[in-house]
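Colleague:
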Amino acid sequence: MAMERPPARLEPVGKFLCRGGVKTPVRGVTYGPFTPTDASADGFDPRVADRDLSAMAAAGFNAVRVYSVPPAWLLDAAMRHGVAVMVGMPWEQHVTFLDDRRRARDIEERVRAGVRACAGHPAVLCYAIGNEIPAPIVRWHGRRRIERYLERLYHAVKEEDPEGAVTYVNFPSTEYLNLPFLDLLSFNVYLEDRASLSAYLARLQNLAGALPLVMTELGLDSRRHGEDVQARTLEWQVREALDAGCAGAFVFSWTDDWHRGGHEIRDWQFGLTTRERRPKPALEAVARALREGPTRPSDPPSVSVIVCTHNDAATLGECLAGVEGLRYARFEAVVVDDGSTDSTPEVARSHDVRLIITDHQGLASARNVGLAAAGGEIVVYVDADARPDPDWLTHLAHRFTTTGDVGVGGPNLPWPGATGVARAVADAPGAPTHVLVSDTEAEHIPGCNMAFRRDTLEAVGGFDPRFHAAGDDVDVCWRLAERGLHLGFRAGAVVWHHRRDSVRAYLRQQRGYGEAEGLLERKWPQKYSPAGHPTWHGRVYGSGAAEFHGQRRWRVYHGIWGSSAFQSVYRPANGALAALPLMPEFYLVIAALLALSLGALAWEPLLAAVPLLAMAVTAVLVDAALGAARSTVVRTAPSGLVRLRAAGLVGLLYVLQPLARLYGRVRVGLTPLRGRGPRRLCLPRTRELAVWSERWSSPESRLEAIERRLVASGAAVRRGGPYARWDLEMPSGPLGATRLRMAVEEHGGGRQLVRCRQWPRPSRAGLVVGLVLAGLSAAAVLDRAWVVAGILAAAALVIMVRIAQECAASSAALTSATKPSSLASTQDRR
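Sequential numbering of the sequence shown, starting at 5, is according to the numbering used here.
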């Protein structure tokens, strides 16, 4: 008789765990450690363990966490009962283990031996290479040494069991450990306030990124709180974990029978059962919460899922299969075919969707067509090359029904099982991503995974049709924010997104993003810096040298004498120098330095530009190398040769991406010498104005009125920060701006004297470059290098004239916006 095939292992896939490709949340409980006996050094008893595993399975648990390497019979028993085992690797984490190299090597060997004893067994869920290294030990060694050692243990496990998943069980006191190489992120968290736990789970989800987050210990002591309180608390703790999009949770613990540090523990009773295995009320409460999964609204809002597609026949079928598999009661699916010329319509007709076919008008127009056809209270957009998780709508609806957010987004993760170029592209810069101002509030949600209240989206006019391929999502988020409306983020609302599977397709995508940036800058000049980059208040999730620089400047909040229970990272904003290699315009700097270096063939002193050119090129290459070294595809590569190839490909994408983006930006006029706002000129000088007003108005209202007039004229306006001695700044380009300061004198009876001062502010960098070029030109004249002198003089003149022109244009615009008649008639809007 043929042997029954063993069940497939649970394996991490994006932010979840799957068995045989089916999403399988971990419903777990911890087990042990128990008092050692003569027959068993680890305290496991075969008969007791078999009864316990049977009872766990009957209660609905599918996983058990043990704190030592289990004997083979325990793994076999777990497999018989359909329970996966999280295997703990015990070692002396409570001592300064890295101060003794022999101890560190011995720990690694013991971990290897433990993994070899379990390698290949289908009951193994994952290996925990550590559990709560104490904060004082991490502080003693430093986080980087601990991170490197844990990565060393990770690779040791992979060498012994390549298919085994690896985790490290962390704790809030060392949450700052950065361990992106792990297969899943695990945390023990004991919080007895529901709001605090909810907020902390959102924080952990953002720390986890694309990794599954598993709560490996949730619990409450029934001896101190009572069994009924334990049951109620554990039920909401488990529900909060699942609502937060966690891949699962383990409750501590199965029984009150517990042994630690050579002693039997009798003054704590965290078990779901007593020492005699009598079920407590918490057992049924936890089983019910785990069985029901994420909270589903009792009266869920109706949802319209809109898929906009153009020639996506290759991926649309997978997308619509995912839509059909959504676990949500009230939704419709609408496909808008934006003039496809392939078999996209036929693919759509083979699924249970409403198909609308239009001429090819672009992405934003297609989204508006879907909005007009939608019948749901919520409209949700997913790209045709993405597949939603079955609980996608549940998580989005939960956010809408519990907050006043008008829009909600979630993560878009690389397609599971991606290989080759697609996997490298997933680690390359430029992917569509969210911008968060907090763990649950968003400033931008990408178009491949976004949802809005339909009436609100209609009220702002839907999407702007000028955006044909990208940028429409940024534009609509900014328009909503302009009205004081809020966007939310839900970590469990996941879609799987195909990354580009060729270098050419990736560069074409980045070029399109560059063009979209140009269109956005033209519509929203006030949102862009003088250099032509959007200014975000929140954190952009990305990579590159700027991210690495920020990591180097991390400061860990330890608390006084390392006493804080929650030790986190403070990361100051990245400096401009660190961000330079990521900017497309940096390649123009390299081109200019190359031109100067080549000029040395005609005039030898220009050889001084060669070291600067070398530094600039090195900065790009270092950024690429750092990005490649930190990428998941490189850090998890099984061998040195595979790692080297992956690093080369990721590094190449880092180098080429800014070039492709620069090409797209230049095509639509987003160049360093672009003009902004009105073109009328006046002499750029300091001007003062005093206007008498018989009508009282607050200084803020007067400044807002000036700002509105400038924006209406097409100008970009910046507000002064809390430490600035100026109120408004109007840049007319990257090389020149004019600033305004206002003071209001109060003269009683609502009468005011409004004083304004404006002054030009030329770019310091522009002045330095212009003067350097002028100086080099003069030196070339002295050496009789007439051609070089003429070229350098012309370049200096262009820069200086441009500075003067931009200062003159901004001065004229501010002068027009601060006319005495306008200032005197301003009404208070508050």
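The beta-carbon is built from N, C-alpha and C at its ideal position, and this holds for glycine as well.
On a predicted model such as this, the values are computed, not experimentally measured, just so you know.
Which residues share a DSSP beta bridge with Cys312?
Modeller: The count along the sequence shown starts at 1 and reaches residue 312 at position 308. DSSP output for Cys312 lists Val340, Asp387 as bridge partner(s).
Colleague: Please specify which runs of the alpha helix (DSSP H), each continuous and at least 4 residues long, are wholly inside the region 476 to 527, giving them in chain order.
Modeller: As far as the region 476 to 527 is concerned, its whole alpha helix (DSSP H) runs of at least 4 residues are 476 to 486, 507 to 527.
Colleague: Along the chain, where does the beta strand (DSSP E) that runs through His145 open and close?
Modeller: Here residue 145 corresponds to residue number 141 of the sequence shown, with the count starting at 1. Counting along the chain, His145 falls outside any beta strand (DSSP E), though it belongs to the alpha helix (DSSP H) covering 139 to 145.
Colleague: Between the Cα of Leu181 and the Cα atoms of Ser202, His159, Glu136, which residue gives the shortest distance?
Modeller: Translated into positions along the sequence shown, residue 181 becomes position 177. That would be Glu136, whose Cα lies nearest to the Cα of Leu181.
Colleague: Are three or more beta carbon pairs between the region 369 to 377 and the region 347 to 361 nearer than 8 Å?
Modeller: With a cut-off of 8 Å, the region 347 to 361 and the region 369 to 377 count as touching, because enough Cβ pairs lie within range.
Colleague: Look at the alpha carbon of Lys284 and the alpha carbon of Asp479, and state the distance between them as a whole number of angstroms.
Modeller: Your numbering for residue 284 matches position 280 in the sequence shown. Your numbering for residue 479 matches position 475 in the sequence shown. So the two alpha carbons sit approximately 54 Å from each other.
Colleague: Can you find at least 3 beta carbon pairs, one from the region 721 to 731 and one from the region 743 to 763, that sit closer than 8 Å?
Modeller: The region 721 to 731 vs the region 743 to 763: in contact.
Colleague: Which residues in the same chain as Leu208 place their Cβ atom closer than 7 Å to its Cβ, once the five residues preceding and following it in sequence are excluded?
Modeller: To locate residue 208, count along the sequence shown from 1; it is residue 204. Here the set comprises Phe191, Leu217.
Colleague: Looking at Arg403 and Gly326, is the spacing between their C-beta atoms short of 8 Å?
Modeller: As a working mapping, residue 326 is identified with position 322 in the sequence shown. As a working mapping, residue 403 is identified with position 399 in the sequence shown. No, these two residues do not count as a Cβ contact at 8 Å.
Colleague: Alpha helix (DSSP H) containing Phe254: first to last residue?
Modeller: On the sequence shown, position 250 is the one that residue 254 refers to. Note, Phe254: premise wrong, no alpha helix (DSSP H); beta strand (DSSP E) at 252 to 255.
Colleague: Does the region 691 to 698 touch the region 821 to 830, meaning 3 or more C-beta pairs lie closer than 8 Å?
Modeller: The region 821 to 830, when compared against the region 691 to 698, does touch it at the 8 Å Cβ threshold.
Colleague: Runs of 4 residues minimum, wholly inside the region 226 to 287: which ones carry the alpha helix (DSSP H) assignment?
Modeller: Correct list: 226 to 229, 231 to 247.
Colleague: DSSP has Lys27 in a bridge; who is on the other side?
Modeller: Within the sequence shown, the letter at position 23 stands for residue 27. Bridge partners of Lys27: Cys22.
Colleague: Taking the alpha-carbon positions, what's the Arg149 to Arg559 distance?
Modeller: Locating residue 149 in the sequence shown gives position 145, where the first residue counts as 1. Locating residue 559 in the sequence shown gives position 555, where the first residue counts as 1. The straight-line gap from Cα to Cα measures roughly 15 Å.
Colleague: Can you list, in chain order, the residues of its chain with a C-beta nearer than 7 Å to that of Gly329? Leave out the 5 residues immediately preceding and following it.
Modeller: As a first step, residue 329 is located in the sequence shown; it is residue number 325 there, counting from the start. The answer, listed in chain order, is Pro394.
Colleague: Since I believe Gly668 is in contact with Gly496 (beta carbons under 8 Å), could you give me their beta-carbon distance rounded to a whole number of angstroms?
Modeller: One-based indexing of the sequence shown puts residue 496 at position 492. One-based indexing of the sequence shown puts residue 668 at position 664. Their Cβ separation, rounded to whole angstroms, is 34 Å, which puts Gly496 and Gly668 out of contact at 8 Å.
Colleague: To the nearest angstrom, how far is it from the Cα of Ser442 to the Cα of Val429?
Modeller: Sequence index remark: in the sequence shown, residue 442 carries index 438 (1-based). Sequence index remark: in the sequence shown, residue 429 carries index 425 (1-based). Going by the C-alpha atoms only, they are around 27 Å apart.
Colleague: Let me check understanding here. Comparing Cα to Cα, which of Lys19, Arg649, Lys823, His399 lies closest to Thr423?
Modeller: Along the sequence shown, one-based indexing puts residue 423 at 419. Here the closest residue by C-alpha is Arg649.
Colleague: Which partner residues does Thr348 have in the DSSP bridge list?
Modeller: As a working mapping, residue 348 is identified with position 344 in the sequence shown. BP columns for Thr348 are empty, so no partner.
Colleague: Distance, Cα to Cα, Gly134 vs Asp103?
Modeller: The residue given as residue 134 occupies position 130 in the sequence shown. The residue given as residue 103 occupies position 99 in the sequence shown. Roughly 17 Å between the two C-alpha positions.
Colleague: Taking the C-alpha atoms as reference points, what is the distance between Ala401 and Leu324?
Modeller: For the purposes of this step, residue 401 is taken as residue 397 along the sequence shown, with counting starting at 1. For the purposes of this step, residue 324 is taken as residue 320 along the sequence shown, with counting starting at 1. C-alpha separation (whole angstroms): 20 Å.
Colleague: What do you reckon, are the CB atoms on Asp468 and Ala628 nearer than 8 Å?
Modeller: Counting from one through the sequence shown, the residue named residue 468 turns up at place 464. Counting from one through the sequence shown, the residue named residue 628 turns up at place 624. Not a contact, by the Cβ cut-off of 8 Å.
Colleague: Indicate the three-state DSSP secondary structure (helix, strand or coil) for Ser697 in the structure shown.
Modeller: The count along the sequence shown starts at 1 and reaches residue 697 at position 693. Three-state DSSP puts Ser697 in a strand.
Colleague: Taking all protein chains shown into account, do 16 or more other C-beta atoms lie within 10 angstroms of the C-beta of Met619, making it buried, or fewer, making it exposed?
Modeller: Locating residue 619 in the sequence shown gives position 615, where the first residue counts as 1. Per the 10 Å Cβ criterion, exposed.
Colleague: Taking Cβ to Cβ, would you say Val672 is nearer than 8 Å to Gly475?
Modeller: Position 668 of the sequence shown, counted from the start, is the residue given in the question as residue 672. Position 471 of the sequence shown, counted from the start, is the residue given in the question as residue 475. Going by C-beta atoms, Val672 is not nearer than 8 Å to Gly475.
Colleague: Do the region 196 to 203 and the region 47 to 59 meet, that is, are 3 or more Cβ pairs less than 8 Å apart?
Modeller: They do not touch, by the three-pair rule.
Colleague: Below 7 Å CB to CB, which residues in the same chain sit around Ser72 once its five sequence neighbours on both sides are set aside?
Modeller: Translated into the one-based positions of the sequence shown, residue 72 becomes position 68. Within the same chain, Ser72 has close Cβ partners Pro37, Asp46, Gly92, Pro94.
Colleague: Whole angstroms are fine: how far does the CA of Ala214 sit from the CA of Pro415?
Modeller: Taking the sequence shown and counting its residues from 1, one reaches residue 415 at position 411. Taking the sequence shown and counting its residues from 1, one reaches residue 214 at position 210. C-alpha separation (whole angstroms): 8 Å.
Colleague: With C-beta atoms as the reference, is Ala720 less than 8 Å away from Arg680?
Modeller: Stepping through the sequence shown from its first residue, residue 720 is reached at position 716. Stepping through the sequence shown from its first residue, residue 680 is reached at position 676. For Ala720 and Arg680, yes; Cβs fall inside 8 Å.
Colleague: Give, in chain order, every unbroken run of the alpha helix (DSSP H) that is at least 4 residues long and sits entirely within the region 36 to 67.
Modeller: If we require 4 residues or more, the alpha helix (DSSP H) runs fully inside the region 36 to 67 come out as 50 to 63.
Colleague: Kindly confirm or deny that the region 699 to 714 and the region 750 to 757 touch, where touching means at least three C-beta pairs closer than 8 Å.
Modeller: These segments touch.
Colleague: Just how far apart, CA to CA, sit Ala455 and Gly413?
Modeller: One-based indexing of the sequence shown puts residue 455 at position 451. One-based indexing of the sequence shown puts residue 413 at position 409. Each residue's Cα considered, the two are about 6 Å apart.
Colleague: Would you give the residue range spanned by the beta strand (DSSP E) that Arg765 belongs to?
Modeller: The count along the sequence shown starts at 1 and reaches residue 765 at position 761. Start and end: 756 to 766.
Colleague: In the DSSP assignment, find the unbroken beta strand (DSSP E) run with Pro418 in it and report its ends.
Modeller: As a working note, residue 418 is residue 414 in the sequence shown. It spans 416 to 418 - the beta strand (DSSP E) in which Pro418 sits, taken as one unbroken run.
Colleague: Does Phe590 come out as helix, strand or coil in the three-state DSSP assignment?
Modeller: Mapped onto the sequence shown, residue 590 falls at position 586. Correct three-state label for Phe590: helix.
Colleague: Under a three-way DSSP split, which group does Gly86 fall into?
Modeller: Stepping through the sequence shown from its first residue, residue 86 is reached at position 82. Of the three classes helix, strand and coil, the one that applies to Gly86 here is coil, per DSSP.
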